[in-house]
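First comes the structure, then the notes that go with it.
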Amino acid sequence: MSCIRFLTKHSPSSSFSSSILRHIRFMSNVPENTVYSGPTPQTANQRTTLMQLRQKHRNSKPITMVTAYDYPSAVHLDMAGIDICLVGDSASMVVHGHDTTLPITVDEMLVHCRAVARGAKNPMLVGDLPFGSYESSSDQAVDTAVRILKEGGMDAIKLEGGSPSRIVAAKAIVEAGIAVMGHVGLTPQAISVLGGFRPQGRNILSAVKVVETALALQEAGCFSVVLECVPAPVAAAATAALQIPTIGIGAGPFCSGQVLVYHDLLGMLQHPHHAKVTPKFCKQYARVGDIINKALLEYKEDVTNGSFPDAHHSPYKISEADAEGFSNELQKLGFDKAASAASEAVQKLNATK
Amino acid sequence: MSCIRFLTKHSPSSSFSSSILRHIRFMSNVPENTVYSGPTPQIANQRTTLMQLRQKHRNSKPITMVTAYDYPSAVHLDMAGIDICLVGDSASMVVHGHDTTLPITVDEMLVHCRAVARDAKNPMLVGDLPFGSYESSSDQAVDTAVRILKEGGMDAIKLEGGSPSRIVAAKAIVEAGIAVMGHVGLTPQAISVLGGFRPQGRNILSAVKVVETALALQEAGCFSVVLECVPAPVAAAATAALQIPTIGIGAGPFCSGQVLVYHDLLGMLQHPHHAKVTPKFCKQYARVGDIINKALLEYKEDVTNGSFPDAHHSPYKISEADAEGFSNELQKLGFDKAASAASEAVQRLNATK
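The following block contains the structure:
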């Protein structure tokens, strides 16, 4: 209420509604000039919107995107000021330990989406449609996309591929009012036909196909397209041909933005099996896995040699009088060993003070 | 097959079956002298068993336990040689960002259990029964425990509390053939009656209750008991009174073992809100949250100023001939901007070599 009053004082009545609405942005896919925008938040919503992404793209400022799968990673992305947070089906590999992105289900994705939505207030939230949840028909695609937004709390969805049925599905989802991010090049859900995680666009036919597919997705209404594992010139061509931004991964420096998987960029995974598949295009900005390993070994050492917990980490006290009463009570109940253990503990603690 | 042959060569026939079976341990709660132990693994199973925990306890060697909620953390615990891996309902707070452990459901717990079970081959796996999944009746408790083992792949379960109905439920679960770890002291699922996350056992009555409850759980068949947030003398008394090991958290140095939450011990969470509730009893063995933050800021910087990806991180090539053909093809299709972008890209890449 007071917020509206404040705004009326400072704005001429003709631009009244637009002044309020400029300050109210709940979801990044709600157009700014809505008549009814719901309850007024106490603090202005800081979430990255489609308009802001478009602005960045127009001003040739690179867009940053990172994946997240739970509350802590979402908070980290929030604090680092990353533009877009993708709840990717890469969770199947880095969180669930599968060898491919195929096994993860919509329900599992929704668990990740909700956790991320809870922690990230600033980045735009994009949720992946997992393998098997959108390929049968446009209806299935729209239903899944709706669940990702409704139950998962995301702002937009991403789907892979550019075959005619995928384009039709993307269009149907956009028509349902859900922003769609496309994904071309190496599409990990299609490793069955691709014959593995193999970079695309490395010959003329394939390269032209990448560009054409990206254009078709733009035509269908996508707000951006991910280009994965294609040669840099091909990504450059696609980026120039499109009006919407391209987000690259393993696609060279000529895209409108970049995306990396959280665990890869942080060097989180130390499993020998995973070290084999750490992507070549990913720069490790830290070696968190090493640090975690070292810390756990130190903890194990501390516990094994009895140095943790020390007095500083044993903060809960019982008064000496009560401790004595406790010891006596135990003796009455017949627990002699326990009674003496309690007394000894009190003595030991007093000794260390 | 060859494994069995190898063993026959080296063992006298009378102890044939026991030699094989000594090397075959799938689940830590399968007694060693089973007649039929299922398919022979190629490599001996390394998983920590109940027997090994008992041995450690008998030899007064401290038991280490850490929580894990996904594949990477499970792998880290595996590599660090931690004895027990607990898939705790603390996931509700540290993974899902809730303020309490109450909201998490059995299905969400199972997602975490499966992810952990997939690649933690060495630690014993214990799964928490989440709030609301075992309190109605013993039947409900047994059903949930069965799901945690069957669908979640865990070796044992942990349940909180020591009221009579909880003791009965624990007994029913043990009778169903599932190992149970008890949990007394501050039981986070009971904050409603406790009035918050408040340490227990700080007066005589409460302290005696902790010891008696632990004993009742031992009586019901539990293989160990977690003591959370009680004064050290009380934990010492309980540890002395029990024949089974006690695992302490915020309970001082006199327990048979220690447990900490993964994110707390690694300093993973940087959210101001969480920093408020980082427990006093937890020693931070690393400040992973700081490192993650720094790494993400560096990534954002690199992308924004265009220095990532550099040539080293753009490995996918298209031959010069194909690049030219691609450019021509694009021109034929009318994508002039794209065609020139592709050519420029090739030139720029050649320049940087």
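Chains A and B supply the protein sequences, listed in that same order. First residue of the first sequence? That's 1 in the numbering used here, and the numbers climb one at a time after it. First residue of the second sequence? That's 354 in the numbering used here, and the numbers climb one at a time after it. Beta carbons: idealized from backbone N, C-alpha and C, even for Gly. Since this is a predicted model, take the numbers as computed values, not measurements.
For the segment 646 to 669 of chain B, the set of residues with a beta-carbon nearer than 9 Å to any beta-carbon of chain A comprises 646, 647, 648, 649, 650, 651, 652, 653, 655, 656, 657, 658, 659, 660, 661, 662, 663, 664, 665, 666, 667, 668, 669, in chain order. Residue 347 (chain A) and residue 567 (chain B) have their C-alpha atoms some 23 Å from each other.
From the listed residues B:458, B:450, B:504, B:582, the smallest Cα separation to residue 469 (chain B) is found for B:504.
At a Cβ-Cβ threshold of 8 Å, residue 244 (chain A) and residue 222 (chain A) count as neighbours. With respect to chain B, the C-beta atom of residue 223 (chain A) has no partner C-beta closer than 8 Å. At least 8 Å separates the beta-carbon of residue 491 (chain B) from that of residue 459 (chain B).
Residue 489 (chain B) counts as exposed, since fewer than 16 other beta carbons sit within 10 angstroms of its beta carbon. Residues of chain A with a Cβ closer than 9 Å to the Cβ of residue 442 (chain B) do not exist, since the nearest Cβ in that chain sits about 14 Å away. Sequence-distant partners of residue 583 (chain B) (beyond 5 residues in either direction) whose C-beta falls short of 7 Å from its own C-beta, in its chain, are 538, 552, 553, 554, 563, 604. By the C-beta criterion, the segment 93 to 102 of chain A is judged not to be in contact with the segment 51 to 62 of chain A, since fewer than 3 inter-stretch pairs fall below 8 Å. Setting aside the 5 residues that flank it on each side, residue 236 (chain A) is surrounded in the same chain by 254, each with a C-beta closer than 6 Å to its C-beta; the list follows chain order. Three or more beta-carbon pairs separated by less than 8 Å link the segment 607 to 614 of chain B to the segment 406 to 416 of chain B, which places the two stretches in contact. In summary, the residues of the segment 564 to 588 of chain B whose CB is separated from some CB of chain A by less than 7 Å are 564, 582, 583, 584, 585, 586, 587, in the order they occur in the chain.
DSSP places residue 684 (chain B) within a helical segment (H, G or I) once states are collapsed to three.
In this structure, DSSP gives residue 55 (chain A) a helical state, which the three-state scheme calls helix. Taking 8 Å as the cut-off, the beta carbon of residue 269 (chain A) is found no closer than this to the beta carbon of residue 285 (chain A).
Listed by position along chain A, the residues whose Cβ is nearer than 9 Å to that of residue 598 (chain B) form an empty set, because the closest Cβ is around 13 Å away.
A Cβ of chain A is located within less than 8 Å of the beta carbon of residue 552 (chain B).
Near chain B, meaning a CB-to-CB distance below 8 Å, the residues of the segment 87 to 110 of chain A are 94, 95, 96, 97, 98, 107, 108. Nearest in C-alpha terms to residue 693 (chain B), of all of A:238, A:147, A:175, A:66, is A:238. Annotated as distal: residue 82 (chain A) and residue 256 (chain A), with beta-carbon spacing of 8 Å or more. A distance of 8 Å or more separates the beta carbons of residue 532 (chain B) and residue 342 (chain A).
Proximity of chain B to residue 283 (chain A) at the Cβ level (cut-off 9 Å) is accounted for by 652, 655, 661, 662, 663, 665, 666, in chain order. Contacts with chain B at 8 Å (Cβ-Cβ) do not include residue 57 (chain A).
No Cβ-Cβ contact shorter than 8 Å links residue 449 (chain B) with residue 262 (chain A). The DSSP-derived three-state label of residue 284 (chain A) is coil.
Residues of the same chain with a CB within less than 8 Å of the CB of residue 187 (chain A), apart from the 5 flanking positions on each side, are 160, 161, 194, 228 in chain order.
In the structure shown, residue 611 (chain B) falls within a strand segment according to DSSP collapsed to helix, strand and coil. Out of A:220, A:224, A:199, the CA that lies nearest to the CA of residue 231 (chain A) is found in A:199. Close to residue 118 (chain A), with beta-carbon spacing below 7 Å, are these residues of chain B in chain order: 449, 450. Cβ-Cβ separation between residue 662 (chain B) and residue 281 (chain A): approximately 6 Å, consistent with a contact (criterion under 8 Å). Per DSSP, the beta-bridge partners of residue 260 (chain A) are A:66. Chain order gives the chain A residues near residue 415 (chain B) as 303, 304, 305, 306, where near means a beta carbon separation below 9 Å.
Annotation for residue 671 (chain B): 679 place their beta carbon closer than 8 Å to its own, counting only its chain and skipping 5 residues before and after. Ranking A:215, A:224, A:331, A:334 by CA distance to the CA of residue 687 (chain B) puts A:215 first. The three-state secondary structure of residue 480 (chain B), taken from DSSP, is strand.
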